[in-house]
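Colleague: Next up is a structure, given as structure tokens.
Now the structure itself:
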């Protein structure tokens with residue numbers, strides 16, 4: 106089973122040994138902050154209701170358009186530098202609260 110990452114900028118700390126030869130399978134639950142059409146990338150950050158912890162937006166290459174503000178689930182491989190999405194899909198973020206997300210983490 107993939108580990109669920111709620112703060113995308115924490116990937117280097119979560120997977121310090123990830124590399125091109127040993128990519129790590131993970132799932133990222135994040136909010137799209139920006140979509141860069143000419144690069145086919147999105148800038149993602151933590152879902153605001155998840156935690157008050159500071160985070161830094163992260164860039165992810167994609168092939169389809171996702172609008173800013175969308176809550177997405179990303180199944181991916183992480184090689185220590187790049188997030189390589191296997192699947193990206195939109196999820197309903199109306200019920201994302203710290204209490205509800207505790208169930209996901211457990």
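Residue numbers (the working numbering): 106 to 211. Built from N, CA and C at the ideal position, the CB exists for glycine as well.
Could you check if residue 151 belongs to the surroundings of the ligand FAD, using beta carbon to heavy atom distance under 7 Å?
Modeller: The ligand content of the structure shown is nil, which means the ligand FAD is not present either.
Colleague: Please say whether residue 112 and residue 151 have beta carbons closer to each other than 8 Å?
Modeller: Yes.
Colleague: Would you report the Cα separation of residue 162 and residue 149, rounded to the nearest angstrom?
Modeller: 5 Å
Colleague: Under the three-state reduction of DSSP, which class applies to residue 121: helix, strand or coil?
Modeller: coil
Colleague: So, is residue 177 buried or exposed, given that buried needs 16 or more other C-beta atoms within 10 angstroms?
Modeller: Looking at its Cβ environment, which holds 16 or more other Cβ atoms inside 10 Å, residue 177 is buried.
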